[in-house]
Amino acid sequence: MTNKGGRFPPLIICMEPQRGRLPVCFNETRQDGREGRHGKPQTRLRKLIEIVYRQARTSSLHRGNHMKGTAVAGITLCAVMLAGCVGSATHQRTLAELEETRETLAKTVAAFESYQKQTAAETDGLKKQLETVWHALDDANTRIMDLTAGVESEQSQVAELRLDKQRLMSATTAAQGEIERTRATVKQREQDLKAEMAEKARLEEERAAKEAEIQRLTQTHADLTKSLEAEIAKGDIRIKQVRDRLTINMVDRVLFDSGQGQVKPAGLRVLKQVRDILKNVTDKQIRIEGHTDNVPIGGKLKTRFPSNWELSTARATSVVRYLIEEGGVNRANLSAVGYADMRPIASNATEEGRTANRRIEITLYPKDLSEIASQIKP
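Following the numbering used here, the numbering of the sequence shown begins with 270 at its first residue and continues without gaps.
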């Protein structure tokens with residue numbers, strides 16, 4: 270086809286396949302510089318070529334190699350259609366440009382296919398890597414779950430061990446408290462045992478002292494009985510021992526004349542026998558008691574002894590003074606007391622009773638037992 274008389278305007282085709290667009294331009298220039306009457310059909314043709322190119326490119330992307338021929342054929346068809354609209358020189362130039370565009374497009378398609386294959390290979394590799402990563406992640410998750418379970422189990426064991434430790438500490442504390450209480454109890458029992466043993470020893474010492482005291486007192490009783498045998502036979506003296514007590518009962522006529530407070534000479538002889546025995550007695554208190562009947566003091570004696578209290582006390586004091594001054598008896602062991610008629614041993618209604626009540630009693634009784642025990646220690 271020829272362009273006679275400038276009927277058809279020249280067509281300029283610019284291919285930019287790298288950018289994904291195919292601008293097609295018709296350039297019709299008139300002397301008055303206005304657009305030719307073929308502007309609108311040319312615009313429709315340009316749009317048609319662009320649509321064919323985009324469809325060819327999209328088809329190549331989605332369907333692969335079998336669409337590239339369709340794309341090239343479409344562009345060639347557009348070129349043929351354009352051939353009828355342009356001149357020979359322009360037509361040749363346009364064909365050359367189209368051929369160049371076709372080759373460029375073919376190269377682009379080939380590069381795209383190569384890129385697509387490379388991308389597919391890389392995608393496969395990435396998929397495999399992803400699968401490997403997923404497997405590794407699954408394994409890691411499994412391991413994490415196992416480790417978590419192990420940690421939870423260990424934490425549970427640790428918690429149980431802590432509870433065991435607390436229970437053990439509580440039991441230990443309780444045991445220590447029980448041990449302390451037991452120690453305190455044992456210590457107290459030891460102290461009690463020591464105290465009991467000490468008390469037992471003390472009681473044993475006291476018992477031994479008491480037995481020794483009783484034995485000595487028994488011997489004193491025997492000595493007095495032998496020494497005062499005649500007076501005892503006459504009934505003027507009675508000696509009585511009740512375990513650790515010894516009482517010598519002398520009627521007043523043995524030592525005193527009637528109404529007198531001083532020991533008569535015959536009485537001194539009797540007291541001398543008693544003194545010789547009592548001076549050896551060191552573990553007894555010796556109490557001298559004066560007793561009278563209930564007959565009141567009368568006559569001239571009343572000036573000396575206003576009552577039986579003074580008479581009984583004077584007689585007891587007279588015996589004590591003799592035992593100290595003449596007999597050598599330890600004064601710390603002696604005491605004198607007068608009871609008047611307050612402690613009768615017989616009825617004052619008869620002469621015999623009154624005679625029995627007028628008496629001197631010498632009583633030997635124990636000292637403090639601890640003092641006695643200290644005296645007999647070796």
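From the three backbone atoms N, C-alpha and C, an ideal C-beta is built for every residue, glycine too.
Using a threshold of 9 Å, state whether the C-beta atoms of residue i and residue j are closer than that.
| i | j | result |
| --- | --- | --- |
| R544 | L592 | yes |
| I555 | T487 | no |
| R628 | V550 | no |
| L493 | Q542 | yes |
| I557 | S604 | yes |
| L524 | G596 | no |
Have a look at the options and flag the residue whose alpha-carbon is nearest the alpha-carbon of residue i.
| i | options | result |
| --- | --- | --- |
| D552 | K434, K386, V598 | V598 |
| A585 | G567, T370, N518, G568 | N518 |
| D513 | G567, E482, A379, A365 | E482 |
| K548 | E449, T489, S616, L580 | T489 |
| E621 | I557, Y608, G504 | G504 |
| L537 | S581, L399, S587 | S587 |
| E500 | I546, A535, A478 | A535 |
Buried or exposed for residue i, please, with buried defined as at least 16 other CB atoms from any protein chain shown within 10 angstroms of its CB.
| i | result |
| --- | --- |
| G559 | buried |
| N577 | buried |
| G446 | exposed |
| M611 | exposed |
| A625 | buried |
| E429 | exposed |
| H360 | buried |
| G607 | buried |
| L374 | buried |
Is the CB of residue i under 9 Å away from at least one CB in chain D?
| i | result |
| --- | --- |
| Q510 | In summary, chain D is missing from the structure at hand, where a single protein chain is found. |
Run through DSSP, which three-state label would residue i get?
| i | result |
| --- | --- |
| N410 | helix |
| L633 | strand |
| A618 | coil |
| I566 | coil |
| L524 | helix |
| K386 | helix |
| T551 | coil |
| S581 | helix |
| L603 | strand |
| M519 | strand |
| E372 | helix |
Three or more C-beta pairs below 8 Å linking the segment 566 to 576 and the segment 504 to 511: No contact exists between the segment 566 to 576 and the segment 504 to 511.
Cβ contact (3+ pairs, closer than 8 Å) linking the segment 559 to 568 and the segment 600 to 617: Here the segment 559 to 568 makes contact with the segment 600 to 617; the two share three or more CB pairs at distances below 8 Å.
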